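2 protein chains.
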Amino acid sequence: MKNYQAYLIDLDGTMYRGSERIEAASDFVKKLNEKKLPHLFVTNNSSRRPEQVAAKLTHMDIPAVKEQVYTTSMATAQYIKDQHPGADVYAIGEEGLLTALKEAGLNLVEDNADYVVIGIDRGINYEKLAAACLNVRNGAVFLSTNGDVAIPTERGMLPGNGSLTSVVTVSTGVEPVFIGKPEPIIMEQAMQTLGYDKNEVLMIGDNYNTDIKAGMNAGIDTLMVFTGVTSKEDLKSYNEQPTYTIDSLEEWMTRL
Amino acid sequence: MKNYQAYLIDLDGTMYRGSERIEAASDFVKKLNEKKLPHLFVTNNSSRRPEQVAAKLTHMDIPAVKEQVYTTSMATAQYIKDQHPGADVYAIGEEGLLTALKEAGLNLVEDNADYVVIGIDRGINYEKLAAACLNVRNGAVFLSTNGDVAIPTERGMLPGNGSLTSVVTVSTGVEPVFIGKPEPIIMEQAMQTLGYDKNEVLMIGDNYNTDIKAGMNAGIDTLMVFTGVTSKEDLKSYNEQPTYTIDSLEEWMTRL
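Protein chains in written order, with UniProt numbering: chain C, 1 to 256; chain G, 1 to 256.
1. Do G:V69 and G:D88 have their CB atoms nearer than 8 Å?
2. For G:E240, I'd like the list of residues in its chain whose CB is within less than 7 Å of its CB, leaving aside the five on either flank, ordered along the chain.
3. Nearest chain C C-beta to G:Y238 closer than 8 Å, yes or no?
4. Listed in chain order, which residues of the segment 159-182 of chain G have Cβ atoms closer than 7 Å to some Cβ of chain C?
5. G:R155 versus chain C: which residues are under 9 Å apart at the beta carbon?
6. Shorter than 8 Å from the beta carbon of C:I124 to some beta carbon of chain G?
7. Using 8 Å as the threshold, is the C-beta distance between C:K8 and C:V201 below it?
8. Using a Cβ-Cβ distance under 8 Å, would C:R49 count as near chain G?
9. First and last residue of the alpha helix (DSSP H) that includes C:Y79?
10. Are C:T145 and C:I118 touching if we call contact CB-CB under 8 Å?
11. Taking three-plus beta-carbon pairs below 8 Å as touching, is the segment 9-29 of chain G in contact with the segment 42-56 of chain G?
12. Assess contact between the segment 164-171 of chain C and the segment 158-172 of chain G, defined as three or more Cβ pairs (one per stretch) separated by less than 8 Å. Is contact present?
13. Listing by chain order, which chain G residues have their CB less than 9 Å from the CB of C:V149?
14. Pick helix, strand or coil for G:V117, following the three-state DSSP scheme.
15. Could you give the distance in angstroms between the alpha-carbon of residue 294 of chain C and the alpha-carbon of C:I212?
16. Closer than 9 Å, Cβ to any Cβ of chain G: which residues of the segment 6-27 of chain C, in chain order?
17. Would C:V225 pass as a contact of C:L194 if the rule is Cβ separation under 8 Å?
18. Would you call the CB atoms of G:D247 and G:Y208 closer than 8 Å?
19. Listing by chain order, which chain C residues have their CB less than 8 Å from the CB of G:R255?
20. Give the single residue among G:A77, G:P242, G:T227 and G:A6 whose Cα lies nearest to the Cα of G:E33.
21. Beta-carbon within less than 7 Å of G:L256's beta-carbon, same chain only, minus the 5 sequence neighbours each way: which residues are those?
22. What number of angstroms, rounded off, separates the C-alpha of G:E188 from the C-alpha of G:T210?
23. What would DSSP say about C:G156, mapped onto helix, strand or coil?
24. By alpha-carbon positions, which one of G:I80, G:D121, G:M191 and G:S47 ends up nearest to G:D114?
25. For G:S19, count neighbouring C-beta atoms within 10 Å of its own C-beta (all shown protein chains included) and say buried if the count is 16 or more, exposed if not.
26. Can you look up G:M253 in the DSSP assignment and give me helix, strand or coil?
27. So, is G:D82 buried or exposed, given that buried needs 16 or more other C-beta atoms within 10 angstroms?
28. Between C:L223 and C:Y244, which are expected to be in contact by the criterion C-beta below 8 Å, what is the C-beta distance as a whole number of angstroms?
29. Any idea if C:D111 is buried or exposed, counting beta-carbon neighbours within 10 angstroms, 16 or more meaning buried?
30. Along the chain, where does the alpha helix (DSSP H) that runs through G:I9 open and close?
31. Name, in chain order, the residues that DSSP records as bridge partners for G:V141.
32. With DSSP collapsed to three states, give me the class of G:V229.
33. For C:A218, which option in C:D61, C:A190 and C:L97 has the closest C-alpha, if you only look at C-alpha atoms?
34. What separation, rounded to the nearest whole angstrom, lies between the Cα atoms of residue 317 of chain G and G:L143?
35. Give me the Cα-Cα distance between G:I62 and G:E95, rounded to the nearest whole angstrom.
And the structure:
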């Protein structure tokens, strides 16, 4: 078997479930550090800043610094910056997205935007959706941080960013470019940030339709761990299979 | 040619454009009254109560009483009442919808709803969308007053109810039953309210995809008037044609 030189690691379902740590996660990440194996936590959650994500991990005794967190907000900001430095952006989203856009040197505007970006926004309202539609109809490039249709919460499955995005898609008839997993864009940005090539990297995640698909779409080997969304039973229904499957990250520690 | 005994009439694009009356509308409706021809104004606008719609028409010198207005909110309330009198309904919408549901003897609830109804709501927020999704996932029947994806305004095309509805459709994977034009449901309810059969009624409207399609879907003859959305040029691209077409309602007055 191959020796991987760097790791991309999903968070929810792989490192923790909601506010509860997945048991093996702490030892696994500590071992990555011992072995000096570079790794990046890659998340479709656009609402938090990387330092907030790192703090959550640290609080669970999973070592992490903000430089090891790559959010779909950061990937979206980088994507725009690469295409059009200093672009005018109309954004719907929470702190993590707005901060990432500003830190990438982009201008947040209301009208005449070059780009419209939508990320999850629990403060969504009609005026925000109206402004997004008007900017898209006016020719702005339409981006969405991620297509997740639902978010698991203690109350049940609540609307995810993919469903909020559909308001603009359905109203204007313009399909967005999605940045987050399972799209390859976030994976390519993450590899660039790590400084490793797709043949050197392994993507670890629990969700076939986002994590594993993202790896496949970017040409990266994948390690599926059955501690989250996708069960062994679910996995049988898919044609294309992950490179490896394990029940717990503990099983992979001998491979590091 | 046939003599129609009752008329179903669209509002925006047929009687007025925004706040401006379409010239022939006033004389046309006065002639309907002279000839004692029963008629109902049928609208996909769920936000206003029928008395508010009648007042707008009267203000433009187009005679109308509230009993002559049939909104998609009234059709939605009637549809639920027919299936399940006294049902518990979770509703997203404005005054016109909430009033229609209450007047039909339905209970507005937050949880454990039998039905979820969405109409245009300029006060939309994440919590309302979350409650709609939770109720639909919990088994509530999902209805939408109308599928219009955009609303023409002075600022441009803003999100219509069809696009707000898509948040719940996309997030839950459950398709709603749409009540308004071009669905036949609103037309059947309107004919029942008028007390006339589909062979006795003519549907008048300016929009091929809503008004004319609604007539066709309900098996009603249709009169298309080129004072609104669909142009003569547009109409050529459709296979199924309206029963009649005119440039102005004035042309039809000799037929009353």
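Think of the CB as a built atom: it goes at the ideal place given N, C-alpha and C, for glycine as much as any other residue.
Note that the structure is a prediction, hence the values are computed from the model and not measured.
This is what the structure holds:
1. no
2. M216
3. no
4. P159, G160, G162, S163, L164, S166, V167, V170 and S171
5. A130 and L134
6. yes
7. For the sequence presented, residue 8 of chain C should be read as Leu rather than Lys. A contact, by the Cβ cut-off of 8 Å.
8. no
9. T72 to Q83
10. yes
11. yes
12. yes
13. V170, S171, T172 and G173
14. strand
15. Since the first residue shown for chain C is 1 and the last is 256, residue 294 of chain C is missing from the structure and cannot be characterised.
16. none
17. no
18. no
19. What G:R255 touches in chain C: nothing, since even the nearest Cβ is about 38 Å away.
20. The displayed chain sequence assigns Asn, not Glu, to residue 33 of chain G. Here the closest residue by C-alpha is G:A6.
21. K31, L32, K35 and L37
22. 15 Å
23. strand
24. G:I80
25. exposed
26. helix
27. exposed
28. 5 Å
29. exposed
30. First-last for G:I9: A6 to I9, but that is the beta strand (DSSP E), not the alpha helix (DSSP H).
31. G:Y115
32. coil
33. C:A190
34. In the structure displayed, chain G extends from 1 to 256; residue 317 of chain G sits before or after that span and is not available.
35. 23 Å
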